[in-house]
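Please read the structure below before turning to the comments.
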Amino acid sequence: MVDAALGDLSKWLAATALSHTIQTAGWVIPTLQIIHILGVAVIFTSAILVDLRIWRLLQRDAPLPDVARRFLPTIWPVLLILLITGGLLIVGEPRRSLLNFTFYFKMALLAVALLLTGGLQWSLSAAPEFWDKDRGRRMAGRLVATVSVLLWCGVLFAGRWIAYTQSG
Amino acid sequence: MMPQLQHLIAYLESSGLADNIRENDVLFPLIESVHVLAICLVVGSILAVDLRLLGLASIQRPLRRVMRGILPLTWCAFVVAVASGGLMFISNATKYLENGYFIAKIFLIAAAGLNMVIFHGISGKDLSRWESEARLPLPARLAGGLSILLWVCVVACGRWIGFTMKVG
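These protein sequence lines are chains A and B, in that order.
Counting the first sequence from 1 gives a position; my numbering is that position plus 191.
Counting the second sequence from 1 gives a position; my numbering is that position plus 1410.
Structural data, given as structure tokens:
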């Protein structure tokens, strides 16, 4: 039933004027994808740099809250660009994503990754010493950083995999 | 192209490894996903340094500290990007060499490298005198701006290779 509804939605989207424009102008989809990837690069690198700082692998000379303040706020406006370009890509080729399990897997991973990254940002702005209070907190911080790296890598992998699992 | 290089490429393309990447349904997407992940880190981390050069981010931190805290990630990711890119290349070397976007991408990466060498070797020689200022000298700002431009073009060409070549 859900599949049928998504199929109908895809059909309806594909028939819209906007979808037509995106489909027929050959440069639109590659261009949207390029902007999308550049946005992904910014968000992914920002999250990873903070995770690496938590592991004390990079930027040890800067306090963790400083590193978080320099890199994490960038994520949210760039996320808006990703939602717009991603949304337009769906309108252009609805079946490619809406009828594709990989797409929903990517969205689920993204939701968790964003919650975790947002939580990290919030915790450090509320209490700069949050992840540095004692040994337990430091270990927890490293766990959070590891999960964050895995989640963001998963988002990117799933994103690329959408192209290989589309239902035609 | 030099005949020795041509022989080497032909040899690699006919190797068992190249054959496996070509024929296996999962191997190419897997390598490609790793490549995208690595490229995102390369471009994202370089962008962070470029924005410091332009005086748009991390301006409280001296340039060398910014570079030392970020560029190790860039180099690790670059090694992974070259390795994964090399594997994709040997799987279909002849076709890649006929693809204009591939050639352009290689030259753009070389240009980005040259830009970096010129900055570190010439314009950045007296860096200790001005690296703490928010607004850096013109050559430094130019190097940062040019670097962003070149890497955006690298990503664009990379994505366009996928649309102009039917492999994988």
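Beta carbons: idealized from backbone N, C-alpha and C, even for Gly.
Considering only C-alpha positions, which residue in the set B/F1438, B/N1434, B/P1413, B/V1564 is nearest to B/L1497?
Your numbering for residue 1497 of chain B matches position 87 in the second sequence. That would be B/F1438, whose Cα lies nearest to the Cα of B/L1497.
As assigned by DSSP and simplified to three states, the class of A/W343
Here residue 343 of chain A is taken as the residue at index 152 of the first sequence, counted from 1. Looking at A/W343 - three-state DSSP - the assignment turns out to be helix.
Can you tell me the Cα-Cα spacing of B/F1512 and B/L1546, whole angstroms?
Along the second sequence, one-based indexing puts residue 1512 of chain B at 102. Along the second sequence, one-based indexing puts residue 1546 of chain B at 136. Cα to Cα, the separation comes out at about 34 Å.
Output needed for A/V219: all residues of its chain with C-beta closer than 6 Å, excluding positions within five of it in sequence on either side, in chain order.
Here residue 219 of chain A is taken as the residue at index 28 of the first sequence, counted from 1. Taken in chain order, the residues that qualify are I213.
Are the C-beta atoms of B/R1361 and some chain A residue less than 9 Å apart?
No statement about residue 1361 of chain B is possible, as the shown extent of chain B runs from 1411 to 1578 and does not include it.
Is A/A196 close to chain B, meaning its C-beta is less than 9 Å from at least one C-beta of that chain?
Numbered from its first residue, the first sequence carries residue 196 of chain A at position 5. Chain B contact via Cβ: absent.
Alpha-carbon spacing of A/L289 relative to A/M192, whole angstroms
In the first sequence, residue 289 of chain A corresponds to position 98, counting from 1. In the first sequence, residue 192 of chain A corresponds to position 1, counting from 1. When rounded, the distance between both Cα atoms is 14 Å.
For chain E, find out if any of its Cβ atoms is closer than 9 Å to the Cβ of A/L249; answer yes or no.
In the structure shown, chain E cannot be found, because the protein chains are A and B.
Using a threshold of 9 Å, state whether the C-beta atoms of B/I1500 and B/L1440 are closer than that.
As a working note, residue 1500 of chain B is residue 90 in the second sequence. As a working note, residue 1440 of chain B is residue 30 in the second sequence. Not in contact: B/I1500 and B/L1440 (Cβ atoms no closer than 9 Å).
Grab me the residues of A/G198's own chain with a C-beta within less than 7 Å of its C-beta, minus the 5 sequence neighbours each way, in chain order.
As a position in the first sequence, residue 198 of chain A is number 7, starting the count at 1. Only L290 meet the Cβ criterion.
For A/G309 and B/P1472, what's the separation of their Cα atoms in angstroms?
Locating residue 309 of chain A in the first sequence gives position 118, counting from the first residue. Locating residue 1472 of chain B in the second sequence gives position 62, counting from the first residue. About 28 Å.
Using C-beta distances below 6 Å, list every residue in its chain close to B/A1458, excluding the 5 sequence neighbours before and after it, in chain order.
One-based indexing of the second sequence puts residue 1458 of chain B at position 48. Contacts found: I1480.
Buried or exposed for A/R351, please, with buried defined as at least 16 other CB atoms from any protein chain shown within 10 angstroms of its CB.
Sequence index remark: in the first sequence, residue 351 of chain A carries index 160 (1-based). So A/R351 ends up on the buried side.
Using the C-alpha atoms, what's the distance from A/L306 back to A/G332?
Indexing the first sequence from 1 puts residue 332 of chain A at position 141. Indexing the first sequence from 1 puts residue 306 of chain A at position 115. Whole-angstrom Cα-Cα distance: 15 Å.
Along chain A, in chain order, which residues have C-beta atoms closer than 8 Å to that of B/S1468?
Within the second sequence, numbered from 1, the residue matching residue 1468 of chain B stands at position 58. By Cβ distance, chain A contributes R261.
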